[in-house]
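Counting in numbering that gives the first Met the number 0, the sequence shown runs from 0 upward without gaps. Here is the structure we will look at.
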Amino acid sequence: MGLDAVARLGVSILSDDDQVSVDSITLFVALLCGCIVIGHLLEESRWINDSITALVIGLCTGGIILLTTKGKSSHLLEFDEQLFFIYVLPPIIFNAGFQVKKKQFFRNFVTIMLFGAVGTLISFSIISFGAKELLGKLDIGFLELRDYLAIGAIFSATDSVCTLQVLNQDETPRLYSLVFGEGVVNDATSVVLFNAIQKLDLSHINSRAALVFTGNFLYLFLVSTFLGFLIGLLSAYLIKKIYLGRHSTDREVALMILMAYLSYVMAELFDLSGILTVFICGIVMSHYTWHNVTVNSKVTTRHAFATLSFIAEIFIFLYVGMDALDIEKWRFVKGSPGKSVGVSAALLGLVLVGRACFVFPLSLLSNCLKRSEHNKFGLKQQVTIWWAGLMRGSVSMALAYNQFTRFGHTQQPGNAVMITSTITIVLFSTVVFGLITKPLVRFLLPSSQGFNNLISSEQSFARPLLTNGQEVEVEMGNVDPFRPSSLSILLKEPSHTIHNHWRRFDDAFMRPLFGGRGFVPDAPELSKGGCDQY
Numbered sequence: 000m001g002l003d004a005v006a007r008l009g010v011s012i013l014s015d016d017d018q019v020s021v022d023s024i025t026l027f028v029a030l031l032c033g034c035i036v037i038g039h040l041l042e043e044s045r046w047i048n049d050s051i052t053a054l055v056i057g058l059c060t061g062g063i064i065l066l067t068t069k070g071k072s073s074h075l076l077e078f079d080e081q082l083f084f085i086y087v088l089p090p091i092i093f094n095a096g097f098q099v100k101k102k103q104f105f106r107n108f109v110t111i112m113l114f115g116a117v118g119t120l121i122s123f124s125i126i127s128f129g130a131k132e133l134l135g136k137l138d139i140g141f142l143e144l145r146d147y148l149a150i151g152a153i154f155s156a157t158d159s160v161c162t163l164q165v166l167n168q169d170e171t172p173r174l175y176s177l178v179f180g181e182g183v184v185n186d187a188t189s190v191v192l193f194n195a196i197q198k199l200d201l202s203h204i205n206s207r208a209a210l211v212f213t214g215n216f217l218y219l220f221l222v223s224t225f226l227g228f229l230i231g232l233l234s235a236y237l238i239k240k241i242y243l244g245r246h247s248t249d250r251e252v253a254l255m256i257l258m259a260y261l262s263y264v265m266a267e268l269f270d271l272s273g274i275l276t277v278f279i280c281g282i283v284m285s286h287y288t289w290h291n292v293t294v295n296s297k298v299t300t301r302h303a304f305a306t307l308s309f310i311a312e313i314f315i316f317l318y319v320g321m322d323a324l325d326i327e328k329w330r331f332v333k334g335s336p337g338k339s340v341g342v343s344a345a346l347l348g349l350v351l352v353g354r355a356c357f358v359f360p361l362s363l364l365s366n367c368l369k370r371s372e373h374n375k376f377g378l379k380q381q382v383t384i385w386w387a388g389l390m391r392g393s394v395s396m397a398l399a400y401n402q403f404t405r406f407g408h409t410q411q412p413g414n415a416v417m418i419t420s421t422i423t424i425v426l427f428s429t430v431v432f433g434l435i436t437k438p439l440v441r442f443l444l445p446s447s448q449g450f451n452n453l454i455s456s457e458q459s460f461a462r463p464l465l466t467n468g469q470e471v472e473v474e475m476g477n478v479d480p481f482r483p484s485s486l487s488i489l490l491k492e493p494s495h496t497i498h499n500h501w502r503r504f505d506d507a508f509m510r511p512l513f514g515g516r517g518f519v520p521d522a523p524e525l526s527k528g529g530c531d532q533y
């Protein structure tokens, strides 16, 4: 009888805990559905986008929960940066690589890398140095040199998701393309920088330490890229050789999804950059693997990846809105709210200055490398590019939690101030800058002018990098308009020349081995599926 009572008690306790979890998840899923419905109803709004909608709903829900729990909690789920990096972020980054228009991305690779990689390093340096000088005078608590360097990486990460939701790829295709390419490279560079900082030995700061830091950064960047390329090719080779679609398209779809996720978790397992790895894997899988599956699997995978990415984006902004009212984090700063405001203002100023210090000089450098006046960035275009990258979002939040909390909680005043300041900057930049971005773009670049007058003869940015369908590669026959006739042309148009050399190598060696467009015929029984546009 006693054992039965204990067993029933244990089951009862377990059931109560499970019921709380089920209630929280049910409400959270209901809120996700509400975000999607309300976002659809506000689709034509000039000011509102899905990110702002999810943030506002999250704030309102957090306020209600805070009142009902009498100030104990404002969210349904505990934030876990590992949960974010392992489960939520991979679908977003992979879909960005999977949907990218590869031809446009690599033809403009130099410009995108200039803004995304070099620009991020410049912004990181300015924010880190400025934070050490300014925050030290505000007496917010003890912060180490590693913390200041981490702050530079945290606030160098832009929120391309929110920016792209605000911009219209039909009205400003060139701007949309540049912001997308820079955003993905920027996020990868920021996370690689953050990881390299964690491994940096700060006990002896000298030239050797600088070389070690540079070596770690390059190692993470290059090895992560290679791993993503390798797993993408492995998936293409497997699906091409065993041809799962003969018996079941479900196996094809399952293998593509699992190998895409495998690239990310393997990178994390080896302490590499999962963001960069899964992005490169997405590009490779869209170039080879996607063409090796049946037409039904093509449709399914494209919509599956896009849907998972969309849900993950809404999840992130909804949770950020709810977590912004977490009373535990604000308890440390309630005695000196002016200090928290001062830190937020200082960091926001550094974000503005840091981005300006690389957008305008690198735009000038880019203009010097371009022969055609129509390809050059004018002052209005430069201001628009600068403004479009000012928003901070989920990556900054996750990195800040990783650096300044343990399991989502913090007990040190300095760390608490940094968390609340990060939340303030994310909310302010997403809502305020997000609301202003669309009217600002329309003011600076009217639709009659836009970027359409800046389309180059090579159409380098004429089409957006993202598309709902697979890019159509125009066959040029024996005529290659980009073929360099001399070394001078190679130096003037390096990205175009490298792209064409890669195309020849790809057609001669890679596609016959790994498959791709034109090398793997569709299954006869599925070739009339009505999805040729994919």
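Just so it is clear, CB atoms sit at the ideal spot from N, CA and C, and this is done for glycine as well.
| task | Put F450 into one of helix, strand or coil per three-state DSSP. | result | Annotation note: pLDDT 42 at F450 (below 50); position unreliable, no value reported.
| message | At 4 residues or longer, what runs of the alpha helix (DSSP H) sit wholly inside the stretch 396-438? | response | 412-427
| request: State the Cα-Cα distance for the pair F403 and F504, rounded to the nearest angstrom. | output: 47 Å
| request: Please state whether DSSP places V211 in a helix, a strand or coil. | output: helix
| request: Could you name the residues of the same chain whose beta carbon sits closer than 6 Å to that of L142, not counting the 5 residues immediately before and after it, in chain order? | output: Leaving aside the five residues that flank L142 on each side, the residues in its chain whose CB is nearer than 6 Å to its CB run, in chain order, G413.
| said: If contacts are defined as beta-carbon pairs under 8 Å, then T110 and N185 qualify, I think. What distance do you get, rounded to the angstrom? | reply: That pair is no contact at about 13 Å.
| message | Does chain D have any CB closer than 8 Å to the CB of Y147? | response | Among the protein chains of the structure shown there is no chain D, as only one such chain exists.
| message | Assuming H302 is part of the alpha helix (DSSP H), what are its boundary residues? | response | V294 to D322
| Contacting residues, own chain, Cβ-Cβ under 6 Å from V394 (five flanking each side not counted) | A156 and D186
| field | Cβ-Cβ distance between V99 and I282 below 8 Å | value | yes
| Is it right to say S247 is buried, meaning 16 or more other beta carbons lie within 10 angstroms of its own, or is it exposed? | exposed
| query | Would you call the stretch 375-382 and the stretch 120-128 touching, i.e. three or more CB-CB distances under 8 Å? | reply | Output reads no: the stretch 120-128 does not touch the stretch 375-382.
| request: Could you tell me which of V264, G227 and L229 sits nearest to F82, measuring between CA atoms? | output: The question names Phe, yet the displayed sequence has Leu at residue 82. L82 has its Cα closest to that of V264, out of V264, G227 and L229.
| said: Between H290 and G62, how many whole angstroms is the CB-CB distance? I'm expecting something under 8 Å. | reply: Actually they do not touch by this definition, with Cβ atoms about 49 Å apart.
| said: Counting C-beta neighbours from all protein chains within 10 Å, is the total for S206 16 or more, i.e. buried, or is it exposed? | reply: Answer is exposed; the Cβ neighbour count stays below 16.
| Which same chain residues, not among the five before or five after G320, have their C-beta less than 6 Å away from its C-beta? | L54, G57 and L58
| task | Measure the C-alpha to C-alpha separation of E267 and D200 and round it to an integer number of angstroms. | result | 21 Å
| query | In or out: C367 buried (at least 16 other Cβ within 10 Å) or exposed? | reply | exposed
| request: Could you check which residue in A116, C34, G392 and Y318 has the C-alpha nearest to that of S23? | output: The shortest Cα separation from S23 among A116, C34, G392 and Y318 belongs to Y318.
| request: Report yes if the CB atom of F97 is closer than 8 Å to the CB atom of S285, and no otherwise. | output: yes
| task | Please list, in chain order, all residues of the same chain as Y260 whose beta carbon is under 7 Å from its beta carbon, the five residues on each side excluded. | result | The beta carbon of Y260 is closer than 7 Å to those of P89 in its chain, skipping five residues each way along the sequence.
| By how many angstroms is the C-alpha of E42 removed from the C-alpha of T421? | 28 Å
| query | With distances taken between CB atoms, is the gap from L275 to V178 smaller than 8 Å? | reply | no
| Whose C-beta lies closer than 6 Å to the C-beta of I92 among residues of the same chain, with five residues either side of it excluded? | I274, V277 and F278
| request: Within the same chain, show all residues whose beta-carbon is closer than 6 Å to that of A116, passing over the 5 residues directly before and after it, in chain order. | output: V184 and T188
| In whole angstroms, what separates the C-alpha of R516 from that of Y147? | 48 Å
| query | Apart from the five residues just before and just after F216, which ones in its own chain have a Cβ nearer than 7 Å to its Cβ? | reply | So the qualifying residues of the chain are V191, L192 and A195.
| field | Whole-Å CB distance - M417 paired with D158, under 8 Å assumed | value | Their Cβ separation, rounded to whole angstroms, is 18 Å, which puts M417 and D158 out of contact at 8 Å.
| request: Taking all protein chains shown into account, decide if G449 is buried (16 or more other Cβ within 10 angstroms of its Cβ) or exposed. | output: Here G449 scores only 43 on pLDDT, less than 50, and its place in the model should not be relied on; the value that follows carries that caveat. With 16 or more Cβ atoms within 10 Å of its Cβ, G449 is classed as buried.
| DSSP-derived helix/strand/coil call for G468 | Confidence is the limiting factor: at G468 the pLDDT is only 42, short of 50, which leaves the residue's position unreliable, though a coordinate-based value still follows. If DSSP states are grouped into helix, strand and coil, G468 belongs with coil.
| field | alpha helix (DSSP H) runs wholly inside the stretch 109-153, at least 4 long, in chain order | value | 118-137 and 144-153
| Within this structure, are the beta carbons of I153 and A415 separated by less than 8 Å? | no
| Residues near A130 in its chain [Cβ-Cβ closer than 6 Å; skip 5 each side] | Non-local C-beta neighbours of A130 in its own chain, meaning closer than 6 Å and more than five positions away in sequence, comprise Y147 and I150, ordered along the chain.
| Length of the line joining the Cα atoms of R354 and T383 | 12 Å
| request: For T306, count neighbouring C-beta atoms within 10 Å of its own C-beta (all shown protein chains included) and say buried if the count is 16 or more, exposed if not. | output: By the 10 Å Cβ count, T306 comes out exposed.
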